[in-house]
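According to this note's numbering, the sequence shown holds residues 435 to 563 in order.
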Amino acid sequence: MMNATAEQTDIIRFDYTQFLGVSSRGHRWRFVDVIYSIAPIFATLWQQELTEARSAEQILWESALDQLSSTHSDEKNLLKLLKLAKSQHIKRLEVSLPYVLEAEQIATIVDGIEVEVLGTHDELWTVTL
């Protein structure tokens, strides 16, 4: 899996509002998923090549679709999103939210992972990981 470094990108953007809409539709099968179920070794090799060609934003988006859920709380999802971004060596993340989070919600998320929230401008978060 390709890792995003500070040299590759300054800031990664994630639209959480769009994520909620897409994730509520359920799992979508990709061509590589079908190939993997038929011939795992070919799908693995192909997936590695596709991974190398994707941007850091695409990798984070696909990881979020696999690991976050619209049935979980926003706090739990955002905490998991920040952990995913950190594991992918993303240094700065801008998250667009569907609504302004309460101070308690922000504290729950920040307490769950070592991050610095640089700004919360209404529905837009900028986070340093």
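Positions of the beta carbon are idealized from the N, C-alpha and C atoms, including for glycine.
Asked: Going along the chain, which residues of its own chain have a beta-carbon closer than 7 Å to the beta-carbon of Lys510, five neighbours each way excluded?; Found: none
Asked: Could you work out which residue in His506, Thr542, Gln522 and Gly553 is closest to Arg488 when comparing CA atoms only?; Found: Gln522
Asked: Out of Glu496, Leu531, Leu513 and Gln482, which has the shortest C-alpha to C-alpha gap to Glu601?; Found: The requested residue 601 does not occur in the structure, where the chain is confined to residues 435 to 563.
Asked: Let me know if Ala537 comes out buried or exposed under the rule of 16 or more other beta-carbons within 10 Å of its beta-carbon.; Found: exposed
Asked: Rounding to the nearest angstrom, what Cα-Cα distance links Leu516 and Glu483 in this structure?; Found: 25 Å
Asked: Compute the beta-carbon to beta-carbon distance between Ser457 and Leu499, rounded to the nearest angstrom, for a pair I have assumed lies under 8 Å.; Found: 6 Å
Asked: If you compare alpha carbons, which of Thr542, Ser504 and Pro474 is closest to Gln452?; Found: Ser504
Asked: Assign Thr548 to one of three DSSP states: helix, strand, or coil.; Found: Note that residue 548 corresponds to Glu in the displayed sequence, not to Thr. Correct three-state label for Glu548: coil.
Asked: Counting along the chain, where does the alpha helix (DSSP H) carrying Val456 start and finish?; Found: Tyr450 to Ser457
Asked: In the DSSP assignment, find the unbroken beta strand (DSSP E) run with Ser530 in it and report its ends.; Found: Arg526 to Ser530
Asked: State the DSSP-derived secondary structure class of Ile445, mapped to helix, strand or coil.; Found: coil
Asked: Do you know offhand how far His506's Cα is from Tyr450's?; Found: 13 Å
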